[in-house]
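Trainee: Respectively, the protein sequence lines represent chains A and B.
Residue 201 in the working numbering is what sits at position 127 of the first sequence, and the numbering runs on without skipping anything.
Residue 39 in the working numbering is what sits at position 27 of the second sequence, and the numbering runs on without skipping anything.
Built from N, CA and C at the ideal position, the CB exists for glycine as well.
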Amino acid sequence: MKVVFDSNIYIHWIRGRKYLDLMLDVYTQKYMSNYVLMELWAGAKTKQATRVIEKLQKPYLKAGRVITLATDHFITIGQILSDIPNAQKNQMKNAGFINDLCIGISALAIGAKLYTTNKNDFETIKSYLPQLKVVYV
Amino acid sequence: MEKVYVKKTMYINSNYIKKALKILDVKTEKEAVNKALEIIVEEDEIINVHKEIGGTYSIEQVYK
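Written out as structure tokens, the structure is:
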């Protein structure tokens, strides 16, 4: 089973070894969205953190397990953003929400299950991408 | 890592091989076995790195 973790899962793991059962599960195929990689790098503000992210990305890159989006995916993302009603525009203007939408599309693109702690954003995203499989932890 | 192929003669569960051809979307049994092994090794490398970096307390959460 293919799985994608939101950046919050990696952050909890790096900080405090939370979600051990997910991170060390030998029966899943772990993929990483390049948006997750970007978010992790954005939080790497020390030399130690830089080394951690360099280590983390290495086996994913080597195995071709970093998901990159194609033009068609960005068209879908734009169409979803266009459909979001005015009442939710504030959420849409949040960079984190846009990233989450891209992470959701990435998981969907490879048929992976997405694990996240961010129920708020992904409940909205799932209403536009009902086929996306999301697990809230 | 350079790919080095060796000939092996072994008994393999034929039901699993048939299923693996579909799951892995490959045409030959050789491809299925090699792909399955590749996935296992890649996954092990990812898990080992996860083990190494877990609990190092060193990253900020910029995006919620």
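Among A:K193, A:K104 and A:I151, which has the Cα closest to the Cα of B:E57?
Mentor: Answer by Cα proximity: A:K104.
Trainee: Using the rule of at least 16 other Cβ atoms within 10 Å of the residue's Cβ for burial, across every protein chain shown, is A:S81 buried or exposed?
Mentor: Classification of A:S81: buried, given that the 10 Å Cβ count is 16 or more.
Trainee: May I ask you to list the residues that DSSP assigns as paired with A:K76?
Mentor: Partner(s): A:Q103.
Trainee: Counting contacts by CB-CB distance shorter than 7 Å, is A:K207 in contact with chain B?
Mentor: So no, A:K207 is outside the interface.
Trainee: Which residues in chain A have a C-beta closer than 8 Å to the C-beta of B:V61? List them in chain order.
Mentor: The answer, in chain order, is K129, L130, K132 and P133.
Trainee: Using the beta-carbon of each residue, which ones in chain A are nearer than 8 Å to B:I51?
Mentor: Result: Q103.
Trainee: Can you confirm whether B:I58, when its beta carbon is compared against all beta carbons of chain A, has any partner nearer than 7 Å?
Mentor: For B:I58, the answer is yes, since a Cβ of chain A falls inside 7 Å of its Cβ.
Trainee: Could you tell me the alpha carbon to alpha carbon distance between A:I179 and B:Y23, rounded to whole angstroms?
Mentor: Each residue's alpha carbon lies about 41 Å from the other.
Trainee: Can you find the residues in the same chain that come closer than 7 Å, C-beta to C-beta, to A:T102, ignoring five residues on each side of it along the sequence?
Mentor: M75 and V77.
Trainee: Taking Cβ-Cβ distances shorter than 8 Å, what residues in chain A pair up with B:Y69?
Mentor: By Cβ distance, chain A contributes I88, R89 and G90.
Trainee: Kindly indicate the opening and closing residues of the alpha helix (DSSP H) around A:Y202.
Mentor: Looking at the DSSP string, the run of the alpha helix (DSSP H) that includes A:Y202 is K193 to Y202.
Trainee: Span of the alpha helix (DSSP H) holding A:T145?
Mentor: Segment T145 to D157, the alpha helix (DSSP H) holding A:T145.
Trainee: Using beta carbons (cut-off 7 Å, strictly below), is B:I35 in contact with chain A?
Mentor: Not closer than 7 Å to any Cβ of chain A, the Cβ of B:I35 fails to qualify, so no.
Trainee: Give the DSSP bridge partners of A:K187, in chain order.
Mentor: DSSP output for A:K187 lists A:V77 and A:K207 as bridge partner(s).
Trainee: Measuring CB to CB, does A:C176 end up less than 7 Å from A:Y134?
Mentor: No, the Cβ-Cβ distance between A:C176 and A:Y134 is not below 7 Å.
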